[in-house]
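Novice: Here the sequence shown is numbered in our numbering, starting from 1 and rising by one per residue.
I am attaching a structure below and will ask some questions about it afterwards.
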Amino acid sequence: MLMGLKTASLLSFQKSRFDDFEALLAGYQQCFTCKGISVFRLSEGEEYVLLLFYREGALRQDLAQPAAKKILGRLGYRDDDTLMGKLEYLKMRMQLRKSFPHEVGLFLGYPPEDVAGFIQHKGQDFVCSGYWKVYANERETRALFELYAECTHDFCLRLEAGERLPDLVKAV
Numbered sequence: 001m002l003m004g005l006k007t008a009s010l011l012s013f014q015k016s017r018f019d020d021f022e023a024l025l026a027g028y029q030q031c032f033t034c035k036g037i038s039v040f041r042l043s044e045g046e047e048y049v050l051l052l053f054y055r056e057g058a059l060r061q062d063l064a065q066p067a068a069k070k071i072l073g074r075l076g077y078r079d080d081d082t083l084m085g086k087l088e089y090l091k092m093r094m095q096l097r098k099s100f101p102h103e104v105g106l107f108l109g110y111p112p113e114d115v116a117g118f119i120q121h122k123g124q125d126f127v128c129s130g131y132w133k134v135y136a137n138e139r140e141t142r143a144l145f146e147l148y149a150e151c152t153h154d155f156c157l158r159l160e161a162g163e164r165l166p167d168l169v170k171a172v
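Structural data, given as structure tokens:
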């Protein structure tokens, strides 16, 4: 996501591992904003915080797909709600379930047919698995998984070599 390939990513942080997590996050906020990345607190407890980093335009587009709208509608999301309203509803569903609702994949940019397949097959009978369980378009998705893996490897190498995070994050 930080490299501009994905719509969104979920990252969990153990707040006690940082001297001041809130200050750290605030310090990166300008970098994220100028690169087109928004941050949403999906879940938070005493020790951990789960953040959704997303590109607003791409997420709006993903959720506007007819197949995505159909899935979301069946789960109680309002079609006329704002993006923030949909994010708040997802957050509420996570709190009620105390786990990840299956539609979280739509917010992460997973293909709606794979999210629908996961729901329908209860996570079984997938054709391949990688960043998510795949139920359609296996060949294209495997190629995408390879691209994600290469990008992640390159990003980590560059970070370990001393490049600054703001310099690595791509604007889209």
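Cβ coordinates follow ideal geometry from the N, Cα and C atoms, glycine included.
Computed from a predicted model, the values in this text were never measured in an experiment.
Grouping DSSP H, G and I as helix and E and B as strand, with all else coil, what is MET1?
Specialist: Indexing the sequence shown from 1 puts residue 1 at position 1. Its pLDDT being 49, under 50, MET1 is placed unreliably in this model, and the value from its coordinates should be taken loosely. In this structure, MET1 counts as coil in the three-state DSSP scheme.
Novice: Taking 8 Å as the threshold, find out whether the segment 53 to 67 comes into contact with the segment 13 to 21 through three or more Cβ pairs.
Specialist: Short answer: they don't touch.
Novice: On the CB-based measure, 16 or more other CB atoms within 10 Å of its CB, does LYS122 come out buried or exposed?
Specialist: For the purposes of this step, residue 122 is taken as the residue at position 122 of the sequence shown. Exposed.
Novice: Can you find the residues in the same chain that come closer than 7 Å, C-beta to C-beta, to VAL104, ignoring five residues on each side of it along the sequence?
Specialist: Looking up residue 104 in the sequence shown gives position 104. Cβ neighbours of VAL104 beyond the five flanking positions: LEU90.
Novice: Does the Cβ of GLY117 have 16 or more other Cβ atoms within 10 Å, making it buried, or fewer, making it exposed?
Specialist: Here residue 117 corresponds to residue number 117 of the sequence shown, with the count starting at 1. With 16 or more other Cβ atoms within 10 Å, it is buried.
Novice: Does the pairing of the segment 79 to 97 with the segment 48 to 66 give three or more beta-carbon distances under 8 Å?
Specialist: Segments in contact, yes.
Novice: Rounded C-beta distance between GLN14 and GLU47? I'm assuming under 8 Å.
Specialist: On the sequence shown, residue 14 is found 14 positions in, with the first residue counted as 1. On the sequence shown, residue 47 is found 47 positions in, with the first residue counted as 1. Indeed they touch by this definition, with Cβ atoms about 6 Å apart.
Novice: Are the Cβ atoms of PHE32 and LEU87 separated by less than 8 Å?
Specialist: As a first step, residue 32 must be located in the sequence shown, where it is residue number 32. As a first step, residue 87 must be located in the sequence shown, where it is residue number 87. Cβ atoms of PHE32 and LEU87: not closer than 8 Å.
Novice: Mark LEU42 as exposed unless 16 or more other C-beta atoms lie within 10 angstroms of its C-beta, in which case mark it buried.
Specialist: By one-based count along the sequence shown, residue 42 stands at place 42. Answer is buried; the Cβ neighbour count reaches 16.
Novice: Within the segment 34 to 109, note down every full beta strand (DSSP E) run reaching 3 residues or more, in order along the chain.
Specialist: Entirely contained in the segment 34 to 109, the beta strand (DSSP E) runs reaching 3 residues are, in chain order, 38 to 44, 48 to 54.
Novice: Using 10 angstroms around the beta-carbon of LYS98, count the other beta-carbons present and answer buried if the total reaches 16, otherwise exposed.
Specialist: Here residue 98 refers to the residue found at position 98 when the sequence shown is read from its first residue. Exposed, because fewer than 16 other Cβ atoms sit within 10 Å of the Cβ of LYS98.
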